[in-house]
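Shown next, in C-alpha coordinates, is the structure this report addresses.
Numbering (the numbering used here), first residue to last: 259 to 546.
Below is the structure:
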(Lines of atoms letter the chains of each structure in order from A and count residues from 1; the text may use other names and numbers.)
(Lines give C-alpha, C1' and ligand atoms only; values in the text may rest on other atoms or scores of the structure.)
Protein backbone atom coordinates (compact mmCIF):
# COMPACT_ATOMS: atom_id res chain seq x y z
CA UNK A 1 0.00 0.00 0.00
CA UNK A 2 1.38 3.39 -0.95
CA UNK A 3 1.75 6.05 1.70
CA UNK A 4 -1.08 8.56 1.65
CA UNK A 5 -0.68 11.49 3.96
CA UNK A 6 -1.23 15.15 4.53
CA UNK A 7 1.86 17.22 5.24
CA UNK A 8 2.23 20.53 7.03
CA UNK A 9 5.57 22.29 7.42
CA UNK A 10 6.13 24.71 10.28
CA UNK A 11 9.36 26.69 9.87
CA UNK A 12 10.51 27.95 13.24
CA UNK A 13 12.63 31.03 13.71
CA UNK A 14 15.97 29.71 14.91
CA UNK A 15 17.39 31.28 18.06
CA UNK A 16 20.58 33.28 17.84
CA UNK A 17 23.45 30.77 17.88
CA UNK A 18 25.56 30.71 21.01
CA UNK A 19 29.25 30.04 20.53
CA UNK A 20 30.16 27.03 22.65
CA UNK A 21 33.58 25.45 22.78
CA UNK A 22 32.07 22.34 24.43
CA UNK A 23 35.10 22.18 26.73
CA UNK A 24 36.71 19.40 24.71
CA UNK A 25 33.68 17.10 24.76
CA UNK A 26 34.24 15.98 21.16
CA UNK A 27 38.02 15.64 21.41
CA UNK A 28 39.40 12.34 20.19
CA UNK A 29 39.86 10.13 23.27
CA UNK A 30 43.13 8.63 21.97
CA UNK A 31 44.98 11.69 20.71
CA UNK A 32 43.30 14.50 22.65
CA UNK A 33 43.05 16.47 19.39
CA UNK A 34 39.92 17.72 17.71
CA UNK A 35 39.46 15.60 14.56
CA UNK A 36 38.41 16.97 11.16
CA UNK A 37 34.82 18.11 11.54
CA UNK A 38 32.12 15.88 10.12
CA UNK A 39 29.89 18.05 7.97
CA UNK A 40 26.63 18.09 9.90
CA UNK A 41 24.49 21.18 10.39
CA UNK A 42 21.08 19.58 10.96
CA UNK A 43 19.78 16.47 12.71
CA UNK A 44 16.39 15.14 11.59
CA UNK A 45 14.36 13.57 14.41
CA UNK A 46 11.57 11.29 13.16
CA UNK A 47 8.70 10.66 15.58
CA UNK A 48 6.24 7.92 14.52
CA UNK A 49 3.11 8.48 16.59
CA UNK A 50 0.02 6.33 17.09
CA UNK A 51 -2.36 7.21 19.94
CA UNK A 52 0.25 9.13 21.93
CA UNK A 53 -1.80 12.13 23.10
CA UNK A 54 -0.62 11.66 26.71
CA UNK A 55 3.11 11.76 25.97
CA UNK A 56 3.70 13.58 22.66
CA UNK A 57 3.99 17.05 24.23
CA UNK A 58 6.30 15.69 26.94
CA UNK A 59 8.69 14.12 24.45
CA UNK A 60 8.66 17.31 22.36
CA UNK A 61 9.57 19.27 25.50
CA UNK A 62 12.52 16.98 26.12
CA UNK A 63 13.70 17.33 22.53
CA UNK A 64 13.30 21.10 22.81
CA UNK A 65 15.52 21.13 25.92
CA UNK A 66 18.42 19.36 24.19
CA UNK A 67 21.34 21.48 23.01
CA UNK A 68 23.20 19.54 20.33
CA UNK A 69 26.96 19.51 19.84
CA UNK A 70 28.33 22.39 17.73
CA UNK A 71 24.89 24.04 17.65
CA UNK A 72 23.50 21.48 15.20
CA UNK A 73 19.95 22.41 14.16
CA UNK A 74 17.02 20.17 15.08
CA UNK A 75 14.41 19.19 12.50
CA UNK A 76 11.44 17.34 14.01
CA UNK A 77 9.29 15.26 11.65
CA UNK A 78 6.15 13.90 13.33
CA UNK A 79 4.32 11.17 11.41
CA UNK A 80 0.86 10.57 12.87
CA UNK A 81 -0.08 7.05 11.77
CA UNK A 82 -3.85 7.71 11.75
CA UNK A 83 -4.22 7.99 15.53
CA UNK A 84 -7.71 7.49 16.94
CA UNK A 85 -7.22 9.75 19.97
CA UNK A 86 -6.28 13.45 20.25
CA UNK A 87 -2.65 13.06 19.20
CA UNK A 88 -3.11 15.50 16.30
CA UNK A 89 -4.69 18.17 18.52
CA UNK A 90 -1.91 17.77 21.09
CA UNK A 91 0.73 18.28 18.38
CA UNK A 92 -1.00 21.32 16.90
CA UNK A 93 -1.44 22.90 20.32
CA UNK A 94 2.22 22.35 21.10
CA UNK A 95 3.45 23.90 17.87
CA UNK A 96 1.06 26.85 18.16
CA UNK A 97 1.56 27.67 21.83
CA UNK A 98 5.21 26.87 22.62
CA UNK A 99 7.11 30.16 22.91
CA UNK A 100 10.70 29.10 23.69
CA UNK A 101 11.37 26.68 20.85
CA UNK A 102 14.92 25.57 20.13
CA UNK A 103 13.59 23.23 17.43
CA UNK A 104 14.43 24.89 14.13
CA UNK A 105 11.94 23.12 11.86
CA UNK A 106 8.71 21.19 12.35
CA UNK A 107 7.08 18.92 9.79
CA UNK A 108 3.76 17.29 10.64
CA UNK A 109 2.51 14.45 8.44
CA UNK A 110 -0.66 12.39 8.91
CA UNK A 111 -1.31 9.01 7.33
CA UNK A 112 -4.92 8.77 6.20
CA UNK A 113 -4.97 5.05 7.10
CA UNK A 114 -3.02 3.22 9.79
CA UNK A 115 -0.02 1.51 8.19
CA UNK A 116 2.29 0.61 11.08
CA UNK A 117 5.34 2.04 12.81
CA UNK A 118 7.71 0.95 10.05
CA UNK A 119 5.62 2.72 7.42
CA UNK A 120 5.61 5.90 9.52
CA UNK A 121 9.40 5.71 9.75
CA UNK A 122 9.63 5.26 5.97
CA UNK A 123 7.60 8.44 5.49
CA UNK A 124 9.80 10.33 7.93
CA UNK A 125 13.02 9.13 6.30
CA UNK A 126 11.82 10.35 2.90
CA UNK A 127 11.09 13.82 4.35
CA UNK A 128 14.36 14.25 6.28
CA UNK A 129 16.70 17.07 5.22
CA UNK A 130 19.40 16.76 7.90
CA UNK A 131 22.75 15.12 7.18
CA UNK A 132 21.90 12.55 9.87
CA UNK A 133 18.59 11.30 11.24
CA UNK A 134 17.29 9.21 14.10
CA UNK A 135 13.98 7.72 15.18
CA UNK A 136 12.45 8.94 18.46
CA UNK A 137 9.48 7.02 19.83
CA UNK A 138 6.64 9.27 20.96
CA UNK A 139 6.52 7.59 24.37
CA UNK A 140 9.05 8.29 27.12
CA UNK A 141 11.15 5.10 26.91
CA UNK A 142 14.19 6.79 25.34
CA UNK A 143 15.86 9.97 26.60
CA UNK A 144 16.55 12.74 24.03
CA UNK A 145 19.28 14.15 26.31
CA UNK A 146 21.42 11.28 24.97
CA UNK A 147 21.37 12.49 21.35
CA UNK A 148 24.87 13.85 21.88
CA UNK A 149 26.00 10.42 23.05
CA UNK A 150 24.94 8.98 19.71
CA UNK A 151 26.44 11.94 17.84
CA UNK A 152 29.86 11.53 19.47
CA UNK A 153 31.22 8.79 17.14
CA UNK A 154 29.91 10.78 14.18
CA UNK A 155 31.59 14.01 15.30
CA UNK A 156 34.83 12.06 15.66
CA UNK A 157 34.52 11.37 11.91
CA UNK A 158 34.19 7.66 12.60
CA UNK A 159 30.57 6.54 12.10
CA UNK A 160 27.90 6.34 9.42
CA UNK A 161 25.44 4.54 11.71
CA UNK A 162 25.21 4.54 15.52
CA UNK A 163 23.06 2.15 17.56
CA UNK A 164 22.13 3.00 21.13
CA UNK A 165 22.36 -0.15 23.24
CA UNK A 166 20.20 -0.68 26.31
CA UNK A 167 22.47 -3.55 27.39
CA UNK A 168 25.88 -1.91 27.64
CA UNK A 169 27.27 0.76 29.95
CA UNK A 170 26.08 1.91 33.35
CA UNK A 171 23.05 3.93 32.26
CA UNK A 172 19.65 3.71 34.04
CA UNK A 173 17.49 0.82 32.86
CA UNK A 174 13.99 0.24 34.16
CA UNK A 175 13.44 -3.29 35.46
CA UNK A 176 10.46 -4.85 33.68
CA UNK A 177 9.96 -8.11 31.79
CA UNK A 178 12.43 -11.00 32.03
CA UNK A 179 11.18 -12.78 28.91
CA UNK A 180 11.23 -9.56 26.88
CA UNK A 181 14.90 -9.09 27.73
CA UNK A 182 15.64 -12.71 26.79
CA UNK A 183 13.69 -12.25 23.57
CA UNK A 184 15.66 -9.12 22.67
CA UNK A 185 18.96 -10.90 23.26
CA UNK A 186 17.88 -13.92 21.20
CA UNK A 187 16.79 -11.71 18.31
CA UNK A 188 20.07 -9.79 18.47
CA UNK A 189 22.02 -13.07 18.52
CA UNK A 190 20.14 -14.41 15.48
CA UNK A 191 20.55 -11.11 13.64
CA UNK A 192 24.29 -11.09 14.34
CA UNK A 193 24.59 -14.63 12.94
CA UNK A 194 23.25 -13.45 9.59
CA UNK A 195 24.87 -10.00 9.47
CA UNK A 196 28.24 -10.93 11.04
CA UNK A 197 27.93 -7.89 13.31
CA UNK A 198 28.56 -7.98 17.07
CA UNK A 199 25.72 -5.75 18.22
CA UNK A 200 24.38 -6.07 21.75
CA UNK A 201 20.94 -4.56 20.98
CA UNK A 202 19.61 -4.92 17.44
CA UNK A 203 16.05 -4.09 18.55
CA UNK A 204 16.96 -0.72 20.08
CA UNK A 205 14.69 2.19 19.22
CA UNK A 206 17.67 4.56 19.01
CA UNK A 207 19.41 4.21 15.65
CA UNK A 208 21.15 7.18 14.04
CA UNK A 209 21.81 7.00 10.29
CA UNK A 210 23.61 9.09 7.71
CA UNK A 211 20.64 10.36 5.76
CA UNK A 212 22.03 9.98 2.25
CA UNK A 213 22.65 6.30 2.98
CA UNK A 214 19.36 5.38 4.68
CA UNK A 215 17.31 7.23 2.03
CA UNK A 216 18.80 4.91 -0.60
CA UNK A 217 18.00 1.71 1.32
CA UNK A 218 15.03 -0.30 0.04
CA UNK A 219 12.78 -0.81 3.08
CA UNK A 220 9.66 -3.01 2.99
CA UNK A 221 8.59 -3.80 6.54
CA UNK A 222 5.60 -1.72 7.68
CA UNK A 223 5.50 -2.68 11.36
CA UNK A 224 8.10 -3.66 13.96
CA UNK A 225 10.01 -5.69 11.37
CA UNK A 226 11.74 -2.42 10.51
CA UNK A 227 14.49 -3.08 13.08
CA UNK A 228 15.82 -6.44 11.78
CA UNK A 229 15.30 -5.39 8.15
CA UNK A 230 17.22 -2.14 8.39
CA UNK A 231 19.99 -3.87 10.35
CA UNK A 232 20.34 -6.61 7.74
CA UNK A 233 20.44 -4.14 4.85
CA UNK A 234 22.72 -1.61 6.51
CA UNK A 235 25.17 -4.44 7.25
CA UNK A 236 25.35 -5.21 3.50
CA UNK A 237 26.35 -1.65 2.50
CA UNK A 238 29.99 -1.77 1.35
CA UNK A 239 32.34 0.07 3.69
CA UNK A 240 29.62 1.04 6.20
CA UNK A 241 30.94 2.14 9.61
CA UNK A 242 28.61 1.04 12.42
CA UNK A 243 29.12 1.99 16.06
CA UNK A 244 27.24 1.20 19.26
CA UNK A 245 27.00 3.29 22.44
CA UNK A 246 25.32 2.68 25.79
CA UNK A 247 22.03 4.47 26.46
CA UNK A 248 19.36 4.62 29.16
CA UNK A 249 16.00 2.88 28.88
CA UNK A 250 12.82 3.90 30.68
CA UNK A 251 10.54 1.10 29.50
CA UNK A 252 6.79 1.10 29.95
CA UNK A 253 4.28 -1.65 30.66
CA UNK A 254 1.38 -2.70 28.45
CA UNK A 255 -0.93 -0.83 30.83
CA UNK A 256 1.15 2.27 30.17
CA UNK A 257 0.78 1.89 26.40
CA UNK A 258 3.45 -0.53 25.19
CA UNK A 259 2.33 -1.97 21.83
CA UNK A 260 4.86 -4.60 20.75
CA UNK A 261 3.87 -8.23 21.45
CA UNK A 262 4.87 -11.85 20.91
CA UNK A 263 3.58 -11.87 17.33
CA UNK A 264 6.04 -9.10 16.51
CA UNK A 265 8.82 -11.27 17.93
CA UNK A 266 8.00 -14.09 15.51
CA UNK A 267 7.80 -11.57 12.67
CA UNK A 268 11.25 -10.31 13.63
CA UNK A 269 12.65 -13.86 13.38
CA UNK A 270 11.10 -14.23 9.94
CA UNK A 271 12.60 -10.90 8.86
CA UNK A 272 16.05 -11.90 10.12
CA UNK A 273 15.95 -15.07 8.02
CA UNK A 274 14.26 -13.45 5.02
CA UNK A 275 16.58 -10.47 4.69
CA UNK A 276 19.62 -12.44 5.79
CA UNK A 277 19.25 -15.24 3.24
CA UNK A 278 16.70 -14.55 0.54
CA UNK A 279 16.52 -10.79 -0.07
CA UNK A 280 19.80 -9.20 -1.07
CA UNK A 281 18.30 -6.04 -2.55
CA UNK A 282 19.90 -3.21 -0.60
CA UNK A 283 19.18 -0.04 -2.55
CA UNK A 284 15.89 1.26 -3.96
CA UNK A 285 15.36 1.68 -7.71
CA UNK A 286 15.99 5.45 -7.55
CA UNK A 287 19.55 4.95 -6.29
CA UNK A 288 22.39 5.05 -8.72
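Even for Gly, the Cβ is constructed at its ideal location relative to N, Cα and C.
**Study point:** residue 461 beta carbon near the ligand GTP (any heavy atom closer than 7 Å)
**Key:** Ligands displayed in this structure: none; no statement on the ligand GTP is therefore possible.
Check your understanding: For residue 368, which of helix, strand or coil comes out of DSSP?
Key -> strand
Review point. Quick one: what's got a C-beta closer than 8 Å to residue 401's C-beta in the same chain, skipping five residues either side?
Key: 320, 505, 506 and 508
**Study point:** Terminal residues of the beta strand (DSSP E) in which residue 501 lies
**Key:** 500–504
Point to revise | Distance between residue 491 and residue 455 (C-alpha atoms, nearest Å) | key: Straight-line Cα distance between these residues: approximately 12 Å.
Practice item. Return the first residue and the last residue of the alpha helix (DSSP H) that residue 354 is part of. Key: 345–355
**Study point:** Opposing strand residues paired with residue 468 [DSSP bridges]
**Key:** 390
Review point. Where does residue 307 sit, in a helix, a strand or coil, going by DSSP?
Key: strand
Review point. So residue 330 and residue 298 are in contact, right, with Cβ under 8 Å, and what is the actual spacing, rounded?
Key: Taking C-beta atoms under 8 Å as the contact rule, residue 330 and residue 298 qualify, at a distance of about 6 Å.
Point to revise | Within the segment 404–457, ranges of the beta strand (DSSP E) (whole runs, at least 3 residues) | key: 419–423
Point to revise | Start-to-end residues for the beta strand (DSSP E) that takes in residue 335 | key: 331–338
**Study point:** residue 327 in three-state terms, based on DSSP
**Key:** In this structure, residue 327 counts as helix in the three-state DSSP scheme.
Practice item. Compare the beta carbon distance of residue 391 and residue 383 with 8 Å and say whether it is the shorter of the two. Key: yes
Check your understanding: Given a threshold of 16 other Cβ atoms within 10 Å of its Cβ, counted over all protein chains shown, does residue 536 qualify as buried or as exposed?
Key -> The C-beta of residue 536 has fewer than 16 other C-beta atoms within 10 Å across all chains shown, which makes the residue exposed.
Exercise for review: Closer than 6 Å by C-beta to residue 449: which residues in its own chain qualify, once you throw out the five before and the five after it? Chain order, please.
Suggested key: 460, 486, 489 and 530
Exercise for review: Evaluate residue 310 with the Cβ neighbour count: other Cβ atoms within 10 Å of its Cβ, from every protein chain shown; 16 or more gives buried, anything less gives exposed.
Suggested key: Counting the other Cβ atoms within 10 Å of the Cβ of residue 310 gives 16 or more, which makes it buried.
Check your understanding: Ends of the alpha helix (DSSP H) at residue 617?
Key -> Any question about residue 617 goes unanswered here, given that the chain covers just 259 to 546.
Exercise for review: Determine the direct distance from the alpha carbon of residue 345 to that of residue 408, and round the result to whole angstroms.
Suggested key: 28 Å
**Study point:** Minimum C-alpha distance to residue 417 - residue among 468, 543 and 347
**Key:** It is 468.
Exercise for review: Starting from residue 488, follow the alpha helix (DSSP H) in both directions and report where the run begins and ends.
Suggested key: 484–493
Exercise for review: Could you tell me the distance, in whole angstroms, from the CA atom of residue 313 to the CA atom of residue 352?
Suggested key: 12 Å
Exercise for review: Mind reading off the beta-carbon distance from residue 361 to residue 342? Whole number of angstroms is fine, and I expect it under 8 Å.
Suggested key: Taking C-beta atoms under 8 Å as the contact rule, residue 361 and residue 342 fail to qualify, at a distance of about 26 Å.
Exercise for review: Could you name the residues that DSSP lists as bridge partners for residue 302?
Suggested key: 333 and 391
Check your understanding: Based on the DSSP secondary-structure assignment, which residues constitute the bridge partners of residue 524?
Key -> For residue 524, which the question treats as bridged, DSSP gives no partner whatsoever.
**Study point:** Among 476, 322, 481 and 532, the one whose alpha carbon lies nearest that of residue 359
**Key:** Closest in C-alpha terms to residue 359, from the list 476, 322, 481 and 532, comes 322.
Exercise for review: Decide if residue 338 is buried, meaning its Cβ has at least 16 other Cβ atoms within 10 Å, or exposed.
Suggested key: buried
Review point. Is it the case that the Cβ atoms of residue 463 and residue 525 are separated by a distance below 8 Å?
Key: no
Review point. From residue 447 to residue 387, what distance separates their C-alpha atoms?
Key: 33 Å
Point to revise | Cα-Cα separation between residue 532 and residue 442, rounded to whole angstroms | key: 18 Å
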